[in-house]
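Chemist:
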Amino acid sequence: MKRRFGNKNRVWLGIVLLMIFLISIPFFATDYWITLLTLILIFTVYAAGWNLFSGLTGYTNFGLAWFIGSGGYVSSLLIADYNFFWLFAWPIGALFTSIVSIGVGYILLRIKGVYFAISMVALTEGTRELFGTEYLTPITHGGKGVPFIAGIKLPTLYWAILVLAFLTLMICYRIFSSKYGLRLLAIREDEQAAETLGIHTTRDKILAFVLSAFMVGLAGAIHFTYQNYIDPSFAFSIHLTLTPIVMTLFGGVGTVFGPVIGATLFTFIHEILWAELTLLYMAIFGGILMVLILFFPQGLLGWMKERGILPRIRKI
Amino acid sequence: MPKDPILRIEDVVKKFGEVVALDHCSFAIEPGTITGLIGPNGAGKTTLFNLITGVLQPDQGHIYLKGEEITGKRPYEIARKGVGRTYQIIRIFPKMTLFENLIVVGKGTGKKVTERAMELLDLVKLSDKKDDYASDLSFGQQKLLSLAQVLMLDAELIVLDEPAAGINPTLQNDLMTLIHQLNRAGKTFIIVEHDMNVIMGHCQNAIALNYGQKIAEGSCDAIQKDESLLEHYFGR
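Structure representation (structure tokens):
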């Protein structure tokens with residue numbers, strides 16, 4: 000009997016072919032392309048991690064750099080000062096971030112809206128200042144930062160972040176199409192109504208916050224291993240918080256693949272403008288962002304859903 | 000042995016600063032009844048609903064559900080124990096489809112939950128709109144959806160805050176028919192409603208509040224003849 004090759008199988012075949020292509024890139028591409036793709040993948044994980052929590056619950060996390068910096072610092076210090084193998088240092092950095100974020104979430108997720116956003120900014124700024132002070136210098140090396148060599152080659156690092164980005168998107172896909180994902184959406188829509196309908200909002204929010212912290216912390220650990228250097232002013236910078244948020248807005252908040260599309264387009268546009276119009280690129284880039292946010296407030300995927308180009312119902 | 004009331008409010012006090020919203024209020028609701036909660040604006044009706052569902056905590060007094068104390072419990076715990084509510088201002092999840100609005104509330108996952116959601120959408124005559132966003136519904140349809148959400152929760156005690164307000168007579172009739180149908184199936188209702196025709200025509204009992212105090216309680220027939228209530232309500 001002839002079996003139909005359904006849409007689902009076609010999608011999976013497409014994903015497998017894309018993964019084979021992405022895995023094979025280090026065998027034929029130059030270091031420039033591998034580096035560019037590594038950065039796209041790092042920012043994809045940042046954006047997807049932000050989207051998992053903020054896109055679904057509506058709690059705008061303006062402290063993403065706190066996850067990135069914490070994961071990055073713990074793993075970098077383990078590699079630099081304790082000679083940890085990078086493969087062990089990375090998950091320890093991510094675990095540390097997620098464990099601390101349980102406490103942070105328990106305290107800060109009681110406050111809503113702009114107050115939560117500001118408190119996360121304050122936490123990140125406070126940590127940045129603290130890590131640079133002389134009091135913590137024996138541990139953090141202070142404001143001068145930590146240079147280190149992890150002994151990992153660029154293709155290996157690229158494959159590692161590729162695996163992490165793939166797993167992050169798979170986890171996001173599973174959550175977005177699950178009842179847990181719907182509960183997070185219900186929190187975004189009306190938290191009090193959700194709670195009076197039997198949803199344990201505190202537990203669900205903290206779980207999403209911790210998951211987001213783990214993914215982003217792990218990507219942060221890889222990011223600073225790639226840079227061979229970490230310092231508080233970059234690790235906890237507002238730039239590392241805002242860029243993934245803009246990328247998510249670009250692709251589509253609350254969608255699984257919005258962050259990937261956003262991170263890819265954003266990085267390419269940024270790269271092209273920087274190469275061609277070095278002096279004006281920031282002004283033009285800012286203009287493009289404003290136009291996109293004005294005309295595509297739902298992001299590219301949101302816009303396509305609104306117009307029926309993509310189905311707007313979620314698969315549960 | 001007499002059966003425990005499904006809900007018992009015991010000497011409940013709730014203050015907002017100097018304002019006493021509920022003042023030593025006590026009453027009991029028998030299972031399988033429809034009780035109307037009446038009173039002028041500011042009488043404490045919605046505050047009482049908020050206390051029953053755990054949205055607010057009383058300053059004094061106790062609340063029992065089927066004999067078990069629920070005072071101080073979180074709203075999700077009370078909901079899981081079998082208390083469902085709708086709000087005066089509808090609070091559904093607007094950017095979720097009708098189907099998702101129900102699925103998210105149902106216990107467990109799988110075929111059983113999806114079948115129950117479809118059953119309830121059929122019951123409120125909205126199954127043809129299951130993939131529409133809830134924000135696309137009319138006001139009356141949104142009220143029906145919020146009732147379906149409560150039913151999805153499988154609540155035994157359902158508290159409805161002005162269910163008939165702002166909807167057309169046909170839909171109002173459908174809604175009240177549905178409430179009676181559910182009541183016959185064993186659900187207990189407490190209804191806050193300003194339209195006295197709804198209360199007198201559909202409730203077996205009524206409780207009247209004024210300035211946070213219970214001023215009358217009894218069958219709807221008796222309440223209609225209560226002199227002190229008429230005095231408070233109509234100034235005679």
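Each protein sequence line maps, in turn, to chains B and G.
Under numbering that gives the first Met the number 0, the first sequence has 191 at position 192, and the numbering climbs by one with no breaks.
Under numbering that gives the first Met the number 0, the second sequence has 62 at position 63, and the numbering climbs by one with no breaks.
For every residue, glycine included, the Cβ atom is placed at its ideal position computed from N, Cα and C.
As the structure is a prediction and not an experimental result, all values here were calculated from the model.
Would you say Q191/B faces chain G, with C-beta separation under 8 Å as the test?
Modeler: Within the first sequence, the letter at position 192 stands for residue 191/B. Output row for Q191/B: interface = yes.
Chemist: In whole angstroms, what separates the C-alpha of I237/B from that of A64/B?
Modeler: The count along the first sequence starts at 1 and reaches residue 237/B at position 238. The count along the first sequence starts at 1 and reaches residue 64/B at position 65. If I take the Cα positions, the gap works out to 7 Å.
Chemist: With DSSP as the reference, label R306/B as helix, strand or coil.
Modeler: For the purposes of this step, residue 306/B is identified with residue 307 of the first sequence, where counting begins at 1. Residue state, collapsed to three classes: coil.
Chemist: Using a beta-carbon distance below 8 Å, is V123/G in contact with chain B?
Modeler: Your numbering for residue 123/G matches position 124 in the second sequence. By this cut-off, V123/G is not an interface position.
Chemist: Output the distance between the C-alpha atoms of G250/B and G62/B, rounded to the nearest integer angstrom.
Modeler: For the purposes of this step, residue 250/B is taken as the residue at position 251 of the first sequence. For the purposes of this step, residue 62/B is taken as the residue at position 63 of the first sequence. If you take the alpha carbons of G250/B and G62/B, they lie about 20 Å apart.
Chemist: Report the neighbours of T59/B on chain G: residues whose CB is nearer than 8 Å to its CB, in chain order.
Modeler: Along the first sequence, read from residue 1 onward, the residue named residue 59/B stands at position 60. In chain order: nothing, as chain G lies at least about 16 Å away.
Chemist: Determine the burial state of L86/B: buried for a count of at least 16 other Cβ atoms within 10 Å of its Cβ, exposed for fewer.
Modeler: Here residue 86/B refers to the residue found at position 87 when the first sequence is read from its first residue. Answer is exposed; the Cβ neighbour count stays below 16.
Chemist: Since D230/B and G142/B should fall inside the 8 Å C-beta cutoff, what is the C-beta to C-beta distance between them, to a whole number of angstroms?
Modeler: As a working note, residue 230/B is residue 231 in the first sequence. As a working note, residue 142/B is residue 143 in the first sequence. With 8 Å as the limit, D230/B and G142/B qualify as a contact, their Cβ atoms being about 7 Å apart.
Chemist: Out of A212/B, I160/B, I138/B, which one is the CA nearest neighbour of L35/B?
Modeler: Locating residue 35/B in the first sequence gives position 36, counting from the first residue. Per the Cα distances, I160/B.
Chemist: Looking only at DSSP bridge pairs, what is E68/G linked to?
Modeler: Residue 68/G sits at position 69 when you count from the first residue of the second sequence. Looking at the DSSP assignment, E68/G forms a beta bridge with Y63/G.
Chemist: Please name the residues in the stretch 175–186 of chain B whose beta-carbon is closer than 7 Å to at least one beta-carbon of chain G, in chain order.
Modeler: The residues in question are K178, L181, R182, L184, A185.
Chemist: Residues in its own chain within less than 6 Å of Y63/G by CB, not counting five upstream and five downstream?
Modeler: Position 64 of the second sequence holds residue 63/G. Excluding positions up to five away in sequence, the list reads R7.
Chemist: Run the CB neighbour count on A221/G, radius 10 Å, all protein chains shown included, and call it buried at 16 or more, exposed below.
Modeler: Counting from 1 along the second sequence, the entry for residue 221/G is found at position 222. Flag for A221/G reads exposed.
Chemist: Can you find the residues in the same chain that come closer than 6 Å, C-beta to C-beta, to L143/G, ignoring five residues on each side of it along the sequence?
Modeler: Numbered from its first residue, the second sequence carries residue 143/G at position 144. If we look at L143/G and ignore the five residues flanking it on each side, its Cβ neighbours are V123.
Chemist: If you follow the alpha helix (DSSP H) that L177/G is part of, which residue opens it and which one closes it?
Modeler: The residue you call residue 177/G lines up with position 178 of the second sequence. First-last of the alpha helix (DSSP H) with L177/G: 168–183.
Chemist: Using DSSP with H/G/I as helix, E/B as strand and the rest coil, what is A212/B?
Modeler: The count along the first sequence starts at 1 and reaches residue 212/B at position 213. The answer is helix: DSSP assigns A212/B an H, G or I state.
Chemist: Listing by chain order, which chain G residues have their CB less than 8 Å from the CB of T200/B?
Modeler: Along the first sequence, read from residue 1 onward, the residue named residue 200/B stands at position 201. Within chain G, the residues near T200/B are Y75.
Chemist: Under a Cβ-count criterion, where at least 16 other Cβ atoms within 10 Å of its own Cβ denotes burial, should K213/G be classed as buried or exposed?
Modeler: For the purposes of this step, residue 213/G is taken as the residue at position 214 of the second sequence. Buried is the call here.
Chemist: Roughly how many angstroms separate the alpha carbons of S25/G and T176/G, rounded to a whole number?
Modeler: The residue you call residue 25/G lines up with position 26 of the second sequence. The residue you call residue 176/G lines up with position 177 of the second sequence. Computed Cα separation, rounded: 30 Å.
Chemist: Decide if G13/B is buried, meaning its Cβ has at least 16 other Cβ atoms within 10 Å, or exposed.
Modeler: Here residue 13/B refers to the residue found at position 14 of the first sequence. The residue is exposed, with fewer than 16 neighbouring Cβ atoms inside 10 Å.
Chemist: Of all the alpha helix (DSSP H) runs that stay within the bounds of the stretch 181–214 of chain G, which reach a length of 4 or more residues?
Modeler: Counting whole runs of 4 or more residues, the stretch 181–214 of chain G contains the alpha helix (DSSP H) stretches 195–201.
Chemist: Starting from the beta carbon of G197/B, find every residue of chain G whose beta carbon is closer than 7 Å, and list them in chain order.
Modeler: The count along the first sequence starts at 1 and reaches residue 197/B at position 198. In chain order: Y75, A78, R79, V104, L152.
Chemist: Can you tell me where the alpha helix (DSSP H) with I28/G in it begins and where it stops?
Modeler: As a first step, residue 28/G must be located in the second sequence, where it is residue number 29. Element bounds for I28/G: not the alpha helix (DSSP H) but the beta strand (DSSP E), 18–28.
Chemist: Pick out whichever of W158/B, F223/B, A47/B has its Cα sitting closest to the Cα of I174/B.
Modeler: Walking along the first sequence from the start, residue 174/B turns up at place 175. Minimum Cα distance to I174/B is reached at A47/B.
Chemist: Return the CA-CA distance between R127/B and W89/B, expressed in angstroms with no decimal places.
Modeler: Here residue 127/B refers to the residue found at position 128 when the first sequence is read from its first residue. Here residue 89/B refers to the residue found at position 90 when the first sequence is read from its first residue. So the alpha carbons of these two residues sit roughly 20 Å apart.
Chemist: If we count the other Cβ atoms within 10 Å of its Cβ and call it buried at 16 or more, is D203/B buried or exposed?
Modeler: Translated into positions along the first sequence, residue 203/B becomes position 204. Buried is the call here.
Chemist: What are the start and end residues of the alpha helix (DSSP H) that includes D220/G?
Modeler: Start at 1 with the first residue of the second sequence, and residue 220/G comes out as number 221. Element bounds for D220/G: 219–223.
Chemist: Shorter than 8 Å from the beta carbon of E305/B to some beta carbon of chain G?
Modeler: Here residue 305/B refers to the residue found at position 306 when the first sequence is read from its first residue. Chain G contact via Cβ: absent.
Chemist: Can you look up F165/B in the DSSP assignment and give me helix, strand or coil?
Modeler: Your numbering for residue 165/B matches position 166 in the first sequence. The answer is helix: DSSP assigns F165/B an H, G or I state.
Chemist: According to DSSP, is P243/B part of a helix, a strand, or is it coil?
Modeler: One-based indexing of the first sequence puts residue 243/B at position 244. Here P243/B sits in helix by DSSP.
Chemist: Suppose only complete runs of 4+ residues qualify. What are the alpha helix (DSSP H) ranges in the stretch 25–65 of chain B, listed by chain order?
Modeler: Complete alpha helix (DSSP H) runs here, min 4: 30–49.
Chemist: At the 8 Å Cβ level, is K186/G part of the contact set with chain B, yes or no?
Modeler: Working through the second sequence from its first residue, we reach residue 186/G at position 187. Closer than 8 Å: no.
Chemist: Rounded to whole angstroms, what is the Cα-Cα separation between I5/G and F188/G?
Modeler: What you label residue 5/G is simply residue 6 of the second sequence in a count that begins at 1. What you label residue 188/G is simply residue 189 of the second sequence in a count that begins at 1. Cα-Cα distance, rounded: 10 Å.
Chemist: Does any residue of chain G bring its CB to less than 8 Å from the CB of E321/B?
Modeler: Residue 321/B lies beyond the residue range present for chain B, which begins at 0 and ends at 315; the question has no answer from this structure.
Chemist: For P137/B, I'd like the list of residues in its chain whose CB is within less than 8 Å of its CB, leaving aside the five on either flank, ordered along the chain.
Modeler: Residue mapping note: residue 137/B aligns to position 138 of the first sequence, counting from 1. Answer for P137/B: no residue qualifies.
Chemist: Going by DSSP, what residue range makes up the alpha helix (DSSP H) through V252/B?
Modeler: For this step, residue 252/B is matched to residue 253 along the first sequence. No alpha helix (DSSP H) holds V252/B; DSSP gives it neither H nor E.
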